[in-house]
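Visitor: If you want the working numbering, it's the position in the sequence shown, counting the first as 1, plus 5.
Glycine included, C-beta positions come from ideal geometry on N, C-alpha and C.
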Amino acid sequence: MHILLVKTSSLGDVIHNLPVVSDIRQHLPSATIDWCVEEGFADIPKLHSGVGQVIPVAFRRWRKSLLSQSTWREIGNFRQQLKAHQYDWVIDTQGLVKSALITWMAKGKRAGYSADAAREPMAARAYDAQFFVPKTLHAIERNRRLAAATLGYSITPELNYGISASYFSADWLPVDLPYVVLLTATSRDDKLWPEDHWIRLGQQLQQAGLLAILPGGSDRELMRAQRIAAAIPNAIAAPRLNIAELAGLLAGAQAVVGVDTGLSHLAAALGKTTIALYTATDPGLTGVLGGVGNGRFRNLGGKDTVPTVDNVIQTGQALGAW
C-alpha cells in the first residue's frame with residue numbers, strides 16, 4: 006500500500022502528525038508512506054525512519070511572489086512531483102483549504118475530516134471519504150483517529166512519535182556541561198513568558214550547575230535571547246540554527262523549558278523532560294504530550310494564566326530535571 010500524508014504546517018502541527026506514521030507502520034508494516042510538508046519543516050518528517058519520500062511545498066514563499074515566472078515554474082514542478090505516484094490513499098490530516106487543494110491534486114483516493122470536523126469546512130469537498138473526529142480531542146488524537154478510520158485499524162493508547170536526532174555539536178557549545186534549553190520565542194506576543202521570569206529561572210538553574218542555552222530564529226527573537234542570556238551567568242544565546250540542528254540541540258539537553266511553540270513539542274517528541282508554559286492558550290487541545298516511556302512533561306498555565314518561576318522550578322524538581 007502506498008500512502009501520502011498531507012500535513013504542511015505549522016511546526017507543532019507537523020510534529021503532532023508523526024504518531025500517524027508510527028501507527029501506520031505498526032498496523033500496515035509493508036506500507037510505503039510519503040509526506041507533503043512546507044519546505045521549512047521538511048526536516049521533521051525526515052527524522053522518522055518510517056517516512057519514505059518527503060515532498061516539500063512552498064505555499065508560504067510562493068504567495069509572496071505569485072506574479073513571478075519562477076514561482077509558477079516551481080508550482081509546476083511541485084505538481085509533477087505530487088503526481089509522480091499513484092497512491093492508494095491520500096490523507097489530509099490538516100483540514101484546511103490549502104491542504105485539501107494538495108490532496109485534490111494528488112493521484113489516489115482522498116480522505117479527510119468531514120465538514121463539521123475540519124478546521125475549514127470547505128476542505129471536505131476535496132475528499133472521497135470524510136470522517137467525523139470531534140474537535141474537542143487533542144490534535145494528536147484527531148490525526149491518529151482520522152488515519153485509523155481511513156485505513157481500517159484501531160489505534161492503541163501508546164503514543165509513539167518514532168523519531169530520534171543525533172546530538173548537536175558546535176564550538177560555542179561546551180561538551181562537558183549539562184544544559185537546559187530555554188525556548189523563549191513564539192509566534193505571538195501574548196504567548197511570551199516575561200523576560201524577568203526567564204532571567205530568574207536561568208539564574209536558579211545556574212546555581213544548580215546547569216547551563217542555560219537560549220535559541221532564537223528571527224532577529225527579534227535573537228535579540229530577546231541575547232538580552233535574557235546577558236543577565237544569566239554563563240548562559241549562551243545560540244546563533245541561528247536550522248530545524249535539524251535545533252533537534253540535535255534539544256536531543257542533548259538535560260531538560261527543556263519553552264513557551265507555546267513547536268520546538269516545545271519537538272522536545273517532548275524526542276523524549277526530553279519538557280515543561281511547556283502557556284499564557285494565552287488552552288493546553289488541553291494542543292499541549293505537549295510525551296511519547297512511549299516519556300512521562301516527564303508538564304503543561305503549566307493557560308489562557309490568561311501566567312506560570313510563576315517557583316511553579317516551574319518545583320515542577321522541574323518533581324520531574325527530576327534538576
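Would you mind stating whether Pro312 and Gly321 have Cβ atoms separated by less than 8 Å?
Guide: For Pro312 and Gly321, no; Cβs fall outside 8 Å.
Visitor: Does the region 234-249 touch the region 200-213, meaning 3 or more C-beta pairs lie closer than 8 Å?
Guide: Touching, yes, given that three or more Cβ pairs across the two stretches are closer than 8 Å.
Visitor: Is the number of C-beta pairs between the region 46-53 and the region 175-193 that are closer than 8 Å three or more?
Guide: Segments in contact, no.
Visitor: Please state the DSSP three-state secondary structure of His21.
Guide: Three-state DSSP puts His21 in a helix.
Visitor: Considering only residues of the same chain and omitting the five flanking positions on each side of Lys196, which have a CB-CB separation below 8 Å?
Guide: Taken in chain order, the residues that qualify are Val264, Asp265, Thr266, Tyr283, Thr284, Ala285 and Thr286.
Visitor: Please report the Cβ distance between Leu275 and Ala252, rounded to the nearest whole angstrom; I am assuming they are in contact, meaning their Cβ atoms lie under 8 Å.
Guide: Contact holds; Cβ gap of about 7 Å.
Visitor: Say yes only if the C-beta of Gly307 is nearer than 7 Å to one or more non-hydrogen atoms of the ligand GDP, and no if none qualify.
Guide: No copy of the ligand GDP occurs in the structure displayed, which carries no ligand at all.
Visitor: Output the distance between the C-alpha atoms of Arg150 and Ser269, rounded to the nearest integer angstrom.
Guide: Those two C-alpha atoms are separated by around 23 Å.
Visitor: How about Phe83 and Thr13: are their beta carbons less than 8 Å apart?
Guide: Going by C-beta atoms, Phe83 is not nearer than 8 Å to Thr13.
Visitor: Go ahead and pull the three-state DSSP assignment for Phe302.
Guide: Of the three classes helix, strand and coil, the one that applies to Phe302 here is strand, per DSSP.
Visitor: The beta strand (DSSP E) that contains Val317, what's its start and end?
Guide: It is not in any beta strand (DSSP E) - Val317 instead sits in the alpha helix (DSSP H) that spans Val314 to Ala323.
Visitor: Which residues mark the beginning and the end of the alpha helix (DSSP H) in which Glu200 is found?
Guide: Counting along the chain, the alpha helix (DSSP H) containing Glu200 begins and ends at Glu200 to Gln212.
Visitor: Please report the distance separating the alpha-carbon of Gly295 from that of Val186.
Guide: Rounded to the nearest angstrom, the two C-alpha atoms are 17 Å apart.
Visitor: Compute the Euclidean distance between the alpha carbons of Gly314 and Val262, then round it to the nearest angstrom.
Guide: For the sequence presented, residue 314 should be read as Val rather than Gly. Roughly 11 Å between the two C-alpha positions.
Visitor: Are the CB atoms of Tyr184 and Ile218 within a distance shorter than 8 Å?
Guide: Yes, the Cβ-Cβ distance between Ile218 and Tyr184 is below 8 Å.
Visitor: Consult DSSP for Gly276 and reduce its assignment to one of helix, strand or coil.
Guide: Here Gly276 sits in coil by DSSP.
Visitor: Run the CB neighbour count on Arg78, radius 10 Å, all protein chains shown included, and call it buried at 16 or more, exposed below.
Guide: So Arg78 ends up on the exposed side.
Visitor: Please specify which runs of the beta strand (DSSP E), each continuous and at least 3 residues long, are wholly inside the region 132-166, giving them in chain order.
Guide: Listed in chain order, the complete beta strand (DSSP E) runs (minimum 3 residues) inside the region 132-166 are 134-136.
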